[in-house]
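J.:
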Amino acid sequence: MHTTLNITRAGTSAGIILMCVGVACLCINDAIAKKLTAGYSPLQILFMRNVIALPFAILIAYGMGGKAALRSHRPLAHFFRGALWIGATIMFFTSIMYLGLAEATALIFVAPLFITALSAIFLREQVGWRRWLAVIVGFIGVLIAIRPGTAAFQTISLLPVATAFVYAILMLSARWVDSRESVWTLLLYMTGTAALLSALIVPLVWVPIRLEDLWLFVAIAIFGTAGMTMMTQAFRLASAVVVAPLDYTAIIWATLLGWLFWAEIPDGYTFLGAAIIIASGVFIIWREHRAEA
């Protein structure tokens, strides 16, 4: 029993570290995307990121899951999920062209609230009044952050919220994937499908890539792939109730990167809204854990 406890503690510690580093990598990925949007369309950035990341995704999937991870039993499900991933990413990259990195990141945090609501409405899952209350409170946080009807409101602020909605559908659509497929198969096919689908339309917005920007495209692929891989592994090593709330550390990194590179300082309303959204999300994660226990 003592040995098992040590293994569990080691896994939890590793999971916490991997989640924190993975979140930081994805925030760097977003910061690089914001930098690149000054000269390239979000679609071209997405295409380049996935094309460069695909070989890494293949190696990771094969290394973690063997040959079985390279095969899909339901390719159409992955095709649909890839389309959702493209839509969510393009919307988010478009939003950070005009919004501060921390502001857009804070609004993305409503995704768990959408997941809860959609699960109850369309999947007929049991969601108690406490979680419904958390969803309502979370959306009040969104209203505080974007302040509709005031001079501070920007229509573009709705894009990160729409991104969170599509992302929620993406997460729920994982249930359509064959249960025999591992998370590494999901990551591989999402990357590959996004690369394929974006390749069909990227010629419409393509501009020649400047040599000095090439390293940024390589970096966004590396940080994006590394972040997703580490976060996936974190959920395999530690309990979701421990590592899932660490996703919210993204607001720290987004605020820091936005301040360092663009002198962006979110106002008090954004931080207040973000705090309410995060608290609601953490409560929902905790309640789901209680329900599963």
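Residue -15 is where the sequence shown starts when you use this note's numbering, and the numbers rise one by one after that.
Don't be surprised by glycine CBs; every beta carbon is placed ideally from N, CA and C.
Computed from a predicted structure; not experimentally measured.
(1) Determine the DSSP secondary structure at residue 3, reduced to helix, strand or coil.
(2) So for residue 193, helix, strand or coil by DSSP?
(3) Identify the continuous alpha helix (DSSP H) that holds residue 21 and give its terminal residues.
(4) Can you round the beta-carbon distance between residue 85 and residue 241 to whole angstroms, since I take them to be within the 8 Å contact cut?
(5) Could you have a look at residue 247 and say whether DSSP puts it in helix, strand or coil?
(6) Apart from the five residues just before and just after residue 64, which ones in its own chain have a Cβ nearer than 8 Å to its Cβ?
(7) Rank 98, 170, 99 and 39 by C-alpha distance to the C-alpha of residue 52 and give the top, closest one.
(8) For a quick check, are the C-beta atoms of residue 153 and residue 60 less than 8 Å apart?
(9) Taking just the CA atoms, how far does residue 24 sit from residue 190?
(10) Would you call the stretch 254 to 273 in contact with the stretch 85 to 102, where contact means no fewer than 3 C-beta pairs closer than 8 Å?
(11) What would DSSP say about residue -13, mapped onto helix, strand or coil?
(12) Taking C-beta to C-beta, are residue 128 and residue 137 nearer than 8 Å?
(13) Helix, strand or coil for residue 134, going by three-state DSSP, please let me know.
T.: In terms of the structure at hand:
(1) helix
(2) coil
(3) It is not in any alpha helix (DSSP H) - residue 21 carries neither H nor E in the DSSP assignment.
(4) 6 Å
(5) coil
(6) 157 and 160
(7) 170
(8) no
(9) 8 Å
(10) yes
(11) Legend: pLDDT at residue -13 = 39, less than 50; position of this residue unreliable, value from coordinates given subsequently. Residue state, collapsed to three classes: helix.
(12) no
(13) coil
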